[in-house]
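Numbering (this note's numbering), first residue to last: 13 to 356.
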């Protein structure tokens, strides 16, 4: 195993790029050596904000990918750019961390997955809530069999007033660049549903609507999922209206129930009449500074150094994306969609 730091290049000087940079700076095995963005002044400002005095600054992401000092590429650009950048980086032999969504359609996702497999590089996809302390606590409860097998689950992503708080609203609202409610944000809730049910999705059905017109795509969608083990789940996603950011988690099993930060379990106290509460930090803000990026980056770097799959590699992320693409197709065509779509 090499002791030399891995050179990191970050594409897209977005809000989330700053969290990637800070997390790489915290990791003892990485060194941010290159930044790329269309606006040279913005690239310089990001470099200065993170005290990157010797970093290379590019206005063409292709130049960053071609830089021999770059071993890892973090893709933090707008959604529609991810496929071309990820494919190019993988073909150049760079390990890739791709912010969600990997692609806005199944065809693009397959291109990225094929490039990663062909090159043999490591991958991680930006579902950073895997490292949320709250999520980790819930997993420990499931592992301890407090709820029994999860038979029904709900995971919701509600967040309104994007035009007021999100700096990327001008691009995310468009169909071409933002894609959909699930691509823009709701896929985090799909990923959470998969984590907690712990079974493969076999069918999806969805309804969607655009009530306010603040987005070019349907900003409200409800997705129902059937799993191989018989469990069923629901993902609610509304990115319009005066809605405070809310990430609900509800899990039901024969032995217990969890609703956000409260739970019941016959294993712990069969006579409990009310709810038991546990102190935790809920994922209750869209602010990326609140999200557990260091854990995501550390897992990715360790996967590279020890030649193992990252926790949320391209193959794991494919399952979340297929539910997303299936839900979007179901909402358009008004019919259930069998999963995985790639084998239809």
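All C-beta atoms, glycine included, are put in the ideal place defined by N, C-alpha and C.
- Measure the Cβ-Cβ separation of residue 94 and residue 111 and say whether it is below 9 Å. Going by C-beta atoms, residue 94 is nearer than 9 Å to residue 111.
- Message: Judging by CA-CA distance, which residue of 321, 316, 216 is the nearest neighbour of residue 243?
- Response: 216
- Message: By DSSP's criteria, residue 43 is part of a beta bridge. Which residues make up the other side?
- Response: 19
- Can you grab the Cα-Cα spacing for the pair residue 345 / residue 117, in whole Å? 16 Å
- Message: Measuring only the C-alpha atoms, how far is residue 331 from residue 81?
- Response: Going by the C-alpha atoms only, they are around 33 Å apart.
- Item | Three-pair Cβ contact test at 8 Å for the segment 226-244 versus the segment 195-214 | yes
- Query: Who are the Cβ neighbours of residue 304 in its own chain at under 6 Å, not counting the five residues just before and after it?
  - Reply: 140, 143, 144
- Look up residue 167 in the DSSP assignment and say whether it is helix, strand or coil. Collapsing the DSSP output to three states places residue 167 in a strand.
- Message: Would you say residue 134 lies against chain D (beta-carbon separation less than 9 Å)?
- Response: The structure shown contains no chain D; it holds only a single protein chain.
- Message: Using CA atoms only, rank isn't needed, just tell me which of 46, 67, 57 is closest to residue 73.
- Response: 46
- Query: Three-state secondary structure (DSSP) at residue 114?
  - Reply: coil
- Cα separation between residue 28 and residue 88? 7 Å
- Mind checking whether residue 246 and residue 165 have CB atoms under 9 Å apart? yes
- Assuming residue 150 contacts residue 208 under a Cβ cut-off of 8 Å, what Cβ separation, rounded to an integer in Å, is found between them? 7 Å
- Expressed to the nearest angstrom, what Euclidean distance is found between the alpha-carbon atoms of residue 43 and residue 79? 14 Å
- Message: Measuring straight from C-alpha to C-alpha, what distance separates residue 347 and residue 23?
- Response: 38 Å
- Going by Cα to Cα distance, which pick from 41, 19, 155 is closest to residue 85? 19
- Item | Secondary structure of residue 206, DSSP reduced to three states | Three-state result, residue 206: helix.
- From residue 325 to residue 274, what does the alpha carbon distance come to, in whole angstroms? If you take the alpha carbons of residue 325 and residue 274, they lie about 31 Å apart.
- Task: Examine the Cβ distances between the segment 328-342 and the segment 190-209 and report whether three or more of them are shorter than 8 Å.
- Result: yes
- Query: Which partner residues of residue 377 appear in the DSSP bridge assignment?
  - Reply: Lying outside 13 to 356, the shown extent of the chain, residue 377 is not represented and no answer is given.
- If residue 167 and residue 234 are in contact, beta carbons under 8 Å, what's the gap, nearest whole angstrom? A Cβ-Cβ separation of about 12 Å leaves residue 167 out of contact with residue 234 under the 8 Å criterion.
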